[in-house]
Amino acid sequence: VGNDLVVAVSHAWRNQAHCDPNGWKLKEVQKIVEVVKQGLVNSKVFLFFDFLGIPQRPFSLEQAPRTQEETALFMQALKCMHHMYFLSDRIIHLDFREEKV
């Protein structure tokens, strides 16, 4: 809205259970968003990070599986997620080739 920015994060998942088990991507995104926000006056930055915005499969034994409703939302999101990247004002692409295990 107005001068607000929509920023989408594109990133590869190193494993199927969790996209950022050590928090490296989160730290990088926080740094980048701070740079993006510089110079913005009376504006908001809306961030789309698929792992947080779409119901995921459980990534720990204590978590319950997705409900039928969450699975339906996930499938619906997959069908239109490309619009999130196409229509965003900015895209952050994270590429971590040599993550420490």
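Counting in my numbering, the sequence shown tops out at residue 102, every number present. For glycine and all other residues, C-beta sits at the position ideal for the given N, C-alpha and C. Computed from a predicted model, the values in this text were never measured in an experiment.
Separation of residue j from residue i, as counted between CA atoms
i      : j      : result
Glu-29 : Glu-35 : 10 Å
Pro-1  : Gly-3  : Absent from the model: residue 1. The displayed extent of the chain is 2 to 102, so no value can be given.
Leu-95 : Lys-26 : 7 Å
Val-37 : Leu-88 : 17 Å
Gly-54 : His-12 : 14 Å
Met-85 : Asn-16 : 23 Å
Beta bridge counterpart(s) of residue i as assigned by DSSP
i      : result
Val-10 : Phe-50 and Ile-93
Whole-Å CB distance - residue i paired with residue j, under 8 Å assumed
i      : j      : result
Phe-75 : His-19 : That belief does not hold up - the Cβ atoms of Phe-75 and His-19 are roughly 16 Å apart, past 8 Å.
Ile-93 : Val-7  : So it is not a contact: roughly 12 Å between Cβ atoms.
Ser-44 : Asp-90 : 11 Å between Cβ atoms; not a contact.
Whole alpha helix (DSSP H) runs in the stretch 42-100 with 4 or more residues, listed along the chain? 51-54 and 69-88
Report the residue ranges of all alpha helix (DSSP H) runs contained in full by the stretch 20-45; include only those spanning at least 4 residues, in chain order. 25-38
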